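Here's the structure we're looking at; comments come further down.
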Amino acid sequence: MRWSQAFIPTLREVPAEAEVPSHQLLLRAGYVRQVAAGLYAHLFLARRSFLKIAQIIREEMNRIGGQEFYLPALNPAELWQESGRWETVDVMFRLKDRNQHDLCLGMTHEEEMTNIARGELRSYRQLPQIWYQIQEKFRDEPRPKSGLLRLRQFVMKDSYSFDLDDAGLDVSYRKHVEAYRRIFDRCGLKTLFVEAFSGMMGGSESSEYTAPTDAGEDLIATSECGYAANLEKAEAQAPPAEDPAGEALPEPFPTPGQKSISDLVKFTKESPARMIKTLDYIVESRPVVLLLRGDHELSETKLIMALGTAVFRLATPEEALRLHGAHLGSLGPVGLKGARIVADRALEGRRDLIAGANRDDTHLRHVTPGRDFAAEFRDLRVVAEGDLCPRCGKPLKLTKSVELGHLFKLGRRYSDSMHAMVLDAEGNEVPLRMGSYGIGLERILSAAAEQNHDADGMFLPPSIAPFDVVVTAANMENADVRAAAEKTYEELLAASVEVLFDDRQERPGVKFKDADLIGVPYRITLGKRKLAQGLAEIFERSTKQIQDVKLDAVTATLKARCLQ
Ligand SMILES: [Zn+2]
1 MRWSQAFIPT LREVPAEAEV PSHQLLLRAG YVRQVAAGLY AHLFLARRSF LKIAQIIREE
61 MNRIGGQEFY LPALNPAELW QESGRWETVD VMFRLKDRNQ HDLCLGMTHE EEMTNIARGE
121 LRSYRQLPQI WYQIQEKFRD EPRPKSGLLR LRQFVMKDSY SFDLDDAGLD VSYRKHVEAY
181 RRIFDRCGLK TLFVEAFSGM MGGSESSEYT APTDAGEDLI ATSECGYAAN LEKAEAQAPP
241 AEDPAGEALP EPFPTPGQKS ISDLVKFTKE SPARMIKTLD YIVESRPVVL LLRGDHELSE
301 TKLIMALGTA VFRLATPEEA LRLHGAHLGS LGPVGLKGAR IVADRALEGR RDLIAGANRD
361 DTHLRHVTPG RDFAAEFRDL RVVAEGDLCP RCGKPLKLTK SVELGHLFKL GRRYSDSMHA
421 MVLDAEGNEV PLRMGSYGIG LERILSAAAE QNHDADGMFL PPSIAPFDVV VTAANMENAD
481 VRAAAEKTYE ELLAASVEVL FDDRQERPGV KFKDADLIGV PYRITLGKRK LAQGLAEIFE
541 RSTKQIQDVK LDAVTATLKA RCLQ
C-alpha cells in the first residue's frame, strides 16, 4: 500500500472529546471515527488490526477443537423468554417487526446456541462440542464512553461448550483458559487471570483475563502469592482493629443533626473504623438491616450472593421511620426489632463501637457486636487497599484494569430452563453441561494501545499492528532516494512483508511524525546522506533504536527481526 493513496486521516491535536489514551490515539492515528455515542466506524488501519486479532483467536480456538459458526444477531424474544432473561436483562436492544413480534439484538448467544444444541444433540457419543463465532454484539449501554472500551455495538468471539457431565465441563473450561492465555500472549498483552463474579450469566464459577491499565474501570485485587480477583469477587479481610479494652455497656449520647458517618467523625473526633454504618434495605418486601464498618462500602454483587436474590432496594425515609421508629441516619442494631440483621465480617469480634440509637439525633457508644445485638456475619463489602490477602495474609494491592475475556461455567443453567437433554451411556436423559466464553476484540486493540504508547503515538505489538513496516522516503524529489525507496518497497512486497510505503510529497518531519503515531513497529528510512554510503536505517518504534543496514540487506534483516 502506498501512503499517497491510503486513507489514513491522522490528527495533530488531541481530540477534546477523548479522555483515555487509547481513544485519543485511535482517533489521532486515523483508525476509527465516531458515528454516535458508543458506535465507531473502523477505518482502514483498524480493520487490518482487527482481522489479525480475529485470525489469532480463530487459530487458537481451532486448536482446542472449536468449530466456527455464524449466528444471526437478530434474536426472537421467545428464546430469551424461555431462559427467563427477557425480563431480567435491562441492557438489551429490543424491537418489534412489522407483525409486532418482539425481537432483540443479541448481546450474547447462550439462548441461540442452546436452541441448536437441544434440537440436534441426542447422545453422549456426540459430546463434547465447542462452538464459537466472531460476530457483532449489541448493548443498550446507559453510559457509553472511553472510546472503544464501552460500546453499544462491538465485535466478540463467543464460544459455548457442551458436555455430558461436570468433569467434562471442567475439561472444556480449562481448554478455554489455556486458549485465552495463548491468544492474549500472541496479541502481545500483559494480562492478569482473575477470579470473577458470574452476574447475569448465572452458573457456578467464572474467571476473567484482564489487562492492567489506568484507563480500566475494573479494579483487581492482587497479592504477591499469586492471588488475583475482581473486586466484585475478592474476599475481604480487614487488618486487626485496635479497640479499647473494658466492658462498658451501650450509652446514648446526643448527636443533633449528625446523620452521615463523616458528620459523626467530625462531631466525635473518632475514626470511621470505630463506627457502624447502618443501611436499611427492603429485600423481597421484607426489612433487612445491613451493617458495615464506617469506612467500608457495600458491594451489591456480594449482597446478591449473601441474600440469594437480586430483588432489593434501599428503604425510603418513611419506611425506616415506620419500621424502626427513627429516621435514616439515627438507625442502629441495638434493640432493633422486626428486621433481619446482616453484618459484614469486618464487624465480627469488634468491641466498643459507635452506632445509631434508633432514636432521632441520638447515637450509642460502647456497642459490642454479639453482646449487644445478634447478627448474621457475611462478606458484604468491597475490598479496600490494605485489606489482607485471603490466602497469604499480606496486604492486597488494587490495580485498574480492562476486562478482555470472561469465562463462565454455566452448568445446567440454560439446559434446565430450555430443556436441552441428551442420553448418557446407560440410556438416561441428562441435561447438557454448558460453558460460555467471550473475548472483546475492541478491548484487545484498546488495551494494546493503552499498554504500548508514548507522547508520539502507539507502538502496537507486531502480531496485531496493521502493517509490519513503514518505508519512508525522506525526500521523494531526489531521484536516487526515490529509486532506492521504490526498490526496497518492491523487495519487501515480494518477501510477503506487510509494508506501507510513505511516498507522499511531504517534509520528512511530517512523515516521521505520522509513522511514529500509527502503531507500526518498524520504519525503514531512506535518506540522501546514508544512501550515498549504501545504507538505510531501520528504526524500531518501541525502543526508538536506529540501526544502519546495507541497502541490499534490508529485507533479510527485517524478516529476521519482525517476522519470526
Ligand atoms: Zn496472597
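Anchor point for the sequence shown: position 235 equals 235 in the working numbering, and the numbering is continuous, going up by one each time. Just so you know, even glycine gets a beta-carbon here, dropped at the ideal spot from N, CA and C. Nothing here was measured: the structure is a model prediction, and the numbers come from that model.
Next on the checklist: Following a CB-centred definition, is Lys233 positioned closer than 7 Å to any heavy atom of ligand 1?
Outcome noted: Taken from the Cβ of Lys233, every heavy atom of ligand 1 lies 7 Å or farther away.
Item to check | Cys104 Cβ short of 7 Å to ligand 1 heavy atom set | outcome: It does not: the Cβ of Cys104 is nowhere closer than 7 Å to a heavy atom of ligand 1.
Checklist entry - How should Phe253 be labelled, buried or exposed, when 16 other C-beta atoms within 10 angstroms of its C-beta is the threshold for buried? => result By the neighbour-count rule (16 or more Cβ atoms within 10 Å), Phe253 is not buried but exposed.
Checklist entry - Counting Cβ pairs, one atom from each stretch, are 3 or more of them under 8 Å apart for the region 132 to 144 and the region 99 to 117? => result The region 132 to 144 vs the region 99 to 117: in contact.
Checklist entry - Any heavy atom of ligand 1 within a distance shorter than 7 Å of the CB on Arg391? => result Yes, since a heavy atom of ligand 1 falls inside the 7 Å radius drawn around the Cβ of Arg391.
Item to check | Boundaries of the beta strand (DSSP E) in which Ile538 is found, first to last residue | outcome: For Ile538, the enclosing beta strand (DSSP E) stretches over residues Leu535 to Glu540.
Next on the checklist: If you follow the beta strand (DSSP E) that Pro254 is in, where does it begin and where does it stop?
Outcome noted: According to the DSSP assignment, Pro254 belongs to the beta strand (DSSP E) that extends over Glu251 to Pro254.
Checklist entry - What is the residue span of the alpha helix (DSSP H) that Leu169 lies within? => result From DSSP, the alpha helix (DSSP H) with Leu169 extends over Asp166 to Arg186.
Checklist entry - Comparing the CB of Glu195 with every heavy atom of ligand 1, is any distance shorter than 7 Å? => result No.
Next on the checklist: Beta-carbon within less than 8 Å of Pro333's beta-carbon, same chain only, minus the 5 sequence neighbours each way: which residues are those?
Outcome noted: Closer than 8 Å at the Cβ level, and outside the excluded window around Pro333, lie Ile276, Thr278, Val289, Leu291, Ile341, Ala343, Ala355, Val367, Pro369, Asp372, Phe373 and Ala375.
Item to check | Secondary structure of Glu87, DSSP reduced to three states | outcome: Glu87: helix per DSSP, three-state reduction.
Item to check | One or two residues paired with Gly411 in a DSSP bridge | outcome: DSSP lists Met434 as partners of Gly411.
Checklist entry - What distance in whole Å lies between the Cβ atoms of Cys392 and Cys187, which are believed to be in contact at a cut-off of 8 Å? => result Cys392 and Cys187 do not touch by the CB rule: their CB atoms are close to 31 Å apart, not below 8 Å.
Checklist entry - With a Cβ-Cβ cutoff of 8 Å, do Gly440 and Met156 count as a contact? => result Result yes, Cβ atoms of Gly440 and Met156 sit closer than 8 Å.
Item to check | Which residues DSSP lists as bridging Lys397, in chain order | outcome: According to DSSP, Lys397 bridges with Thr222.
Next on the checklist: Going by C-alpha to C-alpha distance, which of Asp158, Leu492 and Met305 sits closest to Gly438?
Outcome noted: Of the listed residues, the one whose Cα sits closest to Gly438 is Asp158.
Checklist entry - Mapping DSSP to helix, strand and coil, what is Glu403? => result DSSP, reduced to helix, strand and coil, places Glu403 within a strand of the structure shown.
Item to check | Backbone CA spacing between Leu264 and Asp352 [nearest angstrom] | outcome: A straight-line Cα-Cα distance of about 16 Å links Leu264 and Asp352.
Checklist entry - Cβ of Glu19 versus every heavy atom of ligand 1: is any distance shorter than 7 Å? => result Result no, Cβ not under 7 Å from ligand 1.
Next on the checklist: Could you check whether the region 405 to 420 touches the region 113 to 122, counting it as contact only if at least three pairs of C-beta atoms, one from each stretch, sit closer than 8 Å?
Outcome noted: The region 405 to 420 is in contact with the region 113 to 122.
Checklist entry - Based on the DSSP secondary-structure assignment, which residues constitute the bridge partners of Thr278? => result Looking at the DSSP assignment, Thr278 forms a beta bridge with Leu291.
Item to check | Cβ-based neighbour list, Lys144, same chain, cut-off 7 Å, excluding 5 preceding and 5 following | outcome: Looking at the sequence itself, residue 144 is Pro, so the reference to Lys does not match. In chain order, Ala37, Gly38, Arg150, Leu151 and Arg152 place their CB closer than 7 Å to the CB of Pro144, counting only its own chain and leaving out the 5 sequence neighbours on each side.
Checklist entry - For His324, which three-state DSSP category applies? => result Note: His324 maps to helix in three-state DSSP.
Checklist entry - When you compare only the Cα positions, how much space is there between Asn478 and Pro508? => result One C-alpha to the other measures close to 13 Å.
Checklist entry - For the beta strand (DSSP E) that contains Ala41, what are its first and last residues? => result From DSSP, the beta strand (DSSP E) with Ala41 extends over Leu39 to His42.
Item to check | Three-state class that DSSP yields for Phe267 in the structure shown | outcome: Phe267 sits in a helix when the DSSP states are folded into three classes.
Checklist entry - Should Glu608 be listed as close to ligand 1, given that the test is whether its C-beta is under 7 Å from any heavy atom? => result The structure shown does not extend to residue 608, since the chain is modelled only from 1 to 564, so the question has no answer here.
Next on the checklist: I need the DSSP call for Phe512, collapsed to helix, strand or coil.
Outcome noted: Helix.
Next on the checklist: Looking at ligand 1, does it come within less than 7 Å of Lys394, judged from the CB to the closest heavy atom?
Outcome noted: For ligand 1, at least one heavy atom lies less than 7 Å from the Cβ of Lys394.
Item to check | Arg313 versus Phe93: straight-line alpha-carbon distance, rounded | outcome: Rounded to the nearest angstrom, the two C-alpha atoms are 25 Å apart.
Next on the checklist: So, with DSSP's three-state summary, where would you put Val520?
Outcome noted: Val520 falls in the coil class under three-state DSSP.
Checklist entry - Buried or exposed: Lys550, going by 16 or more other Cβ atoms within 10 Å of its Cβ? => result The residue in question, Lys550, is exposed, as its Cβ has fewer than 16 Cβ neighbours within 10 Å.
Checklist entry - Residue range of the alpha helix (DSSP H) that Leu446 falls in? => result The amino acid at residue 446 is misidentified as Leu; the sequence shows Ser. Counting along the chain, the alpha helix (DSSP H) containing Ser446 begins and ends at Leu441 to Gln451.
Checklist entry - Measuring CB to CB, does Thr472 end up less than 8 Å from Lys511? => result Against a cut-off of 8 Å, the Cβ pair of Lys511 and Thr472 comes out as a contact.
Checklist entry - When the Cα atoms are used, what is the spatial distance from Glu59 to Gln81? => result Taking the straight line from one Cα to the other gives about 35 Å.
Next on the checklist: Tell me which residues share the same chain as Arg286 and place their Cβ nearer than 6 Å to its Cβ, disregarding the 5 neighbours each side in the sequence.
Outcome noted: Once the five neighbours on either side are set aside, Arg286 has no close Cβ partner at all.
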